[in-house]
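One structure below.
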Amino acid sequence: MKTVSSFTLLIAAAAFLFYATPGVAQSSSECLTCHADASMQDAAGHSIAVDESKFHSSIHGSLECVNCHATIKSYPHPDKVTLVKCETCHADEAAGLATSVHSSSADHPCTSCHGNAHTIFPKSDSRSAVYPLNVPRTCGACHGTDGMAKKHGLDSVYPSYIDSIHGFALSKEGLLVAANCQSCHGSHKILSRKNPLSPTYKSNIPQTCGTCHAGITANYESGVHGKAVAAGKLNAPVCSDCHTAHAILQPTESAFRTQSTPICGSCHKEKFSTYRDTFHSQLGALGGYVETARCWDCHGAHDVLPPSDPNSPIAPANLIKTCSRCHAGANASFVQYQPHANAHNRKLNPALYFIRLFMNLLLASVLTFFMIHTILWLIRSRYDQVKRKSAEGGKNA
Amino acid sequence: MPDLEQEARETLQHGGKGRFFMRFTRAQRTLHAVLFSTFLGLAATGLPLRFSQSFWARRFASTFGGFGAILFFHKLCAVVLTLAFLVHVKDLFTRSVIHREKGIFWGPSSMVANWKDVKDLIGHLRWFVGLGPKPRFGRYAYWEKFDYWAVFWGMIVIGFSGYAMWFAPFFAMFLPGWALNAVLVIHSEEGLLAILFIFSIHFVNTHLRPDSFPMDMVVFTGVESEEEFKTKRPEEYAKLAKQGKLESRVAEAPALWFTNFSKAVGFIAIFIGLTLLVLTLSAYFS
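Going down the list, the protein sequences come from chains A and B.
Residues in the first sequence are numbered consecutively from 45, following our numbering.
Residues in the second sequence are numbered consecutively from 826, following our numbering.
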């Protein structure tokens, strides 16, 4: 009995070793015995197949399945397995993500952007979903017209971006340094633009754009707008107020030239209104003649300076040079022209005020007199005509 | 066939019978044609600028090929009209100074206003409201003289201010800086006055009023029927009759094709004018 029982114990131990040892430290090849089947699905119908060759070429290819699927200790494993925790290895990224706008995502926060966890490539690999040239498409999957943007009432920024100068450089030229989504928004720790820590927070935008456009940012910071923003006056414009954030156009394009003056005008209302009274605006509004002076043609674009600053293009000493850029032969008298004259302001523009008044009175008096004259004449002639025709025995008129 | 005979008589009464009198020379009619066609061109290309923020301005400009095309056409019309104006001034100079022709600056056939015009205006206004008889108008009635001088003054003012904008750096050599601001106000307001006046008041006074409706053809054909002459310009008619000079002004009836052609041109001009008037008013009051 003792022998038998010892033998049985031995068999049992052998059987236990045979069956159970791999369960303690299962190798990937064992998992793939089942999961290599491309048609393998879980109860909910999601694929739980793993492409072995792709997995091995991926950045995680040297890992064993259980390194990530750490809760699986034995076979058969439970139907429901715990979600893989990427933060076990990627702690910094996970910490950033936890404070970001994407922290509340119901979907798996990592795979939404990085794609299938079994085929993740480094971001320098063109197969990666976060390779610079692939980033806009990856983000656009949600932030495009039909994605999460529509569902959550967010702006659909992908179409604007992809048609922008950045989008063109990226999609048409394959320019790796062209700004993609994460160049401005960051990657894991994406914050709302209302958060002062965000690179897209208004006062941080010049620095964010300056990461690439360093010269322009230096220019901007020397101008009145840059100084105002640095002093905390956040109603002054930053890069994106004029250039927009996503649909950035080439400033020489007629579309940009046409749309830009109202942007300045949204703050400089009075200047915009007087500009609109001038030939510059009337010409410019009609399109097909984009050369006409817009705000920044005279005031400068990034380093806008007041006329009292000798470096300003509208400083009295620089006017001839500034006007001559379009008006060859501009002289001292020519530059006395006021691009913002207000014909309704008697104090500022007395001559213009009275000329306008005279012209308005001339129009009103001539038209009023002749309008009355003509109407009375019409009535009287018609009256006479009807009378004459009826006297002749004919029908009226 | 009594109907045929009756209609033949009617035809004779309407066109075939009766004398026609010369009112405008070929040169005068040509001047008017150049004037109204360039004016229409200037108005059509100037209005989109004056009302550049209106809904139709941009559409019109882009159909035309953008502002560059509009400005080119505007300047082209301006140059042609300037030439016509200079030809007219040269003609006046030759007739009055070289040929010493009488009656250009004074008298019944002059364009210059006189005391009779003042009396005619008051008399006409009295007649409108039934306070007196209709004045007997001469060769040029007071409103016709007003039209003439309005155009004359308008061409100088609009022309000068237009050229000042076109050649601003040149004009700045002898004009102060504020004048460059003023010329746009003057140009656009005076242009607006001309457009509103011509397309409403001139059109009605000359063409659309019951006595001339729908169009007074005399400025195209140069001739008018005896009845028209007698009723519209009784004093001139009476004077010619008294002097026995009526016969010297008798002219041939205009050819049918020419009348029809003139009507087509005239109606197109009036249609364009009224369209521009509607667009102007819609932009002005919106």
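Where a beta carbon is used, it is the ideal one built from N, C-alpha and C, also for glycine.
At least one beta carbon of chain A lies nearer than 9 angstroms to the beta carbon of residue 1001 (chain B).
In terms of Cβ geometry, residue 180 (chain A) and residue 205 (chain A) form a close pair [threshold 9 angstroms]. Remark: C-beta atoms of residue 1016 (chain B) and residue 844 (chain B) do not approach each other more closely than 9 angstroms. Neighbours of residue 991 (chain B) in chain A, taken as residues at a C-beta separation under 7 angstroms, are lacking, since the least C-beta distance is about 11 angstroms. Where residue 110 (chain A) is concerned, there is no enclosing beta strand (DSSP E), although the alpha helix (DSSP H) around it starts and stops at 109-112.
With a contact defined as Cβ atoms closer than 8 angstroms, residue 979 (chain B) and residue 1004 (chain B) miss out at about 19 angstroms. Interface annotation for the stretch 1042-1074 of chain B against chain A: empty, criterion Cβ-Cβ distance under 9 angstroms. Non-local beta-carbon contacts of residue 209 (chain A) in its own chain, meaning distances under 8 angstroms to residues more than five positions away in sequence, involve 292, 293 and 294 in chain order.
In chain order, 177 place their CB closer than 7 angstroms to the CB of residue 218 (chain A), counting only its own chain and leaving out the 5 sequence neighbours on each side.
In chain order, 990 and 1009 make up the part of chain B whose C-beta sits under 7 angstroms from the C-beta of residue 323 (chain A). Counting the other CB atoms within 10 Å of its CB gives residue 196 (chain A) a total below 16, which places it among the exposed residues. Interface annotation for the stretch 385-398 of chain A against chain B: 385, 387, 393, 395 and 396, criterion Cβ-Cβ distance under 8 angstroms.
Residues of chain A with a Cβ closer than 8 angstroms to the Cβ of residue 998 (chain B) are, in chain order, 375 and 377.
Nearest to residue 312 (chain A) by C-alpha distance, out of A:281, A:436, A:135 and A:327, is A:281. By the Cβ criterion, the stretch 959-976 of chain B is in contact with the stretch 1048-1059 of chain B, since at least three pairs of Cβ atoms, one from each stretch, lie closer than 8 angstroms. Here DSSP, grouped into helix, strand and coil, assigns residue 1038 (chain B) to coil.
In the three-state DSSP reduction, residue 936 (chain B) falls in the coil class, being neither helix nor strand. Between the stretch 368-381 of chain A and the stretch 986-1002 of chain B, the count of Cβ pairs shorter than 8 angstroms is three or higher; the stretches touch. Using a CB distance below 8 angstroms, the part of the stretch 395-424 of chain A facing chain B consists of 395, 396, 399, 400, 403, 404, 406, 407, 410, 411, 414, 415, 417, 418, 420, 421, 422, 423 and 424, ordered along the chain.
Here residue 248 (chain A) has 242 as same chain residues with Cβ atoms under 7 angstroms from its own Cβ, once five neighbours each way along the sequence are excluded. The residue from A:338, A:286, A:110 and A:290 with its alpha-carbon nearest to that of residue 224 (chain A) is A:290.
DSSP places residue 1048 (chain B) within a strand segment (E or B) once states are collapsed to three. In its chain, beyond the 5 residues on either side, 1037 and 1041 have a beta carbon closer than 7 angstroms to the beta carbon of residue 1031 (chain B). Rounded to the nearest whole angstrom, the C-alpha separation of residue 973 (chain B) and residue 864 (chain B) is 14 angstroms.
Per DSSP, residue 846 (chain B) is one residue of the beta strand (DSSP E) stretching across 845-847. Counting along the chain, residue 855 (chain B) sits inside the alpha helix (DSSP H) bounded by residues 851-875. Counting along the chain, the unbroken alpha helix (DSSP H) around residue 273 (chain A) starts and ends at 268-274. Residue 170 (chain A) is not bridged by DSSP to any residue.
At least 9 angstroms separates the beta-carbon of residue 1047 (chain B) from that of residue 920 (chain B).
In the three-state DSSP reduction, residue 291 (chain A) falls in the coil class, being neither helix nor strand.
Residue 1035 (chain B) is positioned such that its CB atom lies no closer than 9 angstroms to that of residue 1095 (chain B). In terms of beta-carbon proximity, residue 88 (chain A) stays away from the interface with chain B, with every pair separated by 9 angstroms or more. For residue 1077 (chain B), the CB contacts under 8 angstroms within the same chain, skipping 5 residues up- and downstream, are 845 and 1048 in chain order. According to DSSP, residue pairing for residue 85 (chain A) in a beta bridge involves A:91. In terms of beta-carbon proximity, residue 963 (chain B) stays away from the interface with chain A, with every pair separated by 9 angstroms or more.
Chain B places no beta carbon closer than 9 angstroms to that of residue 312 (chain A), leaving this residue out of the contacts.
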